[in-house]
Amino acid sequence: MKLFASEHFSDKKFWQKLKVFAKKAGSSVVYIVLLLYFTLQKPEVPVKAKATIIGALGYFILPIDLIPDALIGVGYTDDLSAVGLALVQVAIYIDEDIKNKAKAKLQEWFGESADTSKIDSKID
Numbered sequence: 164m165k166l167f168a169s170e171h172f173s174d175k176k177f178w179q180k181l182k183v184f185a186k187k188a189g190s191s192v193v194y195i196v197l198l199l200y201f202t203l204q205k206p207e208v209p210v211k212a213k214a215t216i217i218g219a220l221g222y223f224i225l226p227i228d229l230i231p232d233a234l235i236g237v238g239y240t241d242d243l244s245a246v247g248l249a250l251v252q253v254a255i256y257i258d259e260d261i262k263n264k265a266k267a268k269l270q271e272w273f274g275e276s277a278d279t280s281k282i283d284s285k286i287d
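Numbering-wise (the numbering used here), the sequence shown opens with residue 164 and increments by one.
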């Protein structure tokens with residue numbers, strides 16, 4: 164499913180960036196991004212909420228950020244802010260099915276030890 168027509172954003176680019184930078188970004192950022200992505204797939208989510216998600220995920224994917232992702236320790240700060248703000252705005256649409264899908268994918272990359280409790284407590 165193509166999320167919207169843009170030279171910088173597509174499902175393919177989303178998964179490529181996420182796979183390459185998952186370890187660097189950390190499990191919290193990746194979990195938030197996955198929650199947003201799977202929420203976007205729900206047909207009943209309103210267009211306004213989907214636009215918020217697309218904007219945040221688009222920023223995450225963009226090759227040029229306010230703070231370059233290559234900067235160790237701070238490179239994903241701006242990405243976390245963008246996706247975190249979107250998460251708060253669309254949390255009402257995140258159900259157990261979405262959490263389970265995101266956790267399953269997260270465990271593929273980070274193993275069983277990936278802790279999602281901090282994020283889950285903010286959206287419950």
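A virtual CB, placed ideally from N, CA and C, is assigned to each residue, including glycine. Bear in mind that the values here come from a model prediction, so they are computed numbers and not experimental data.
Straight-line measurement puts the Cα of Lys-266 at about 18 Å from the Cα of Gln-179.
Rounded to the nearest angstrom, the gap between the Cα atoms of Ser-191 and Ile-282 is 7 Å.
Burial state of Leu-248 is exposed, judged by a 10 Å Cβ sphere holding fewer than 16 other Cβ atoms. Here Lys-281 carries a helix assignment [DSSP, helix/strand/coil]. Contact between the segment 251-258 and the segment 212-221 is established, with three or more Cβ pairs separated by less than 8 Å. Every alpha helix (DSSP H) of 4 residues or more that sits fully in the segment 169-218 is shown, in chain order, as 174-188 and 190-203.
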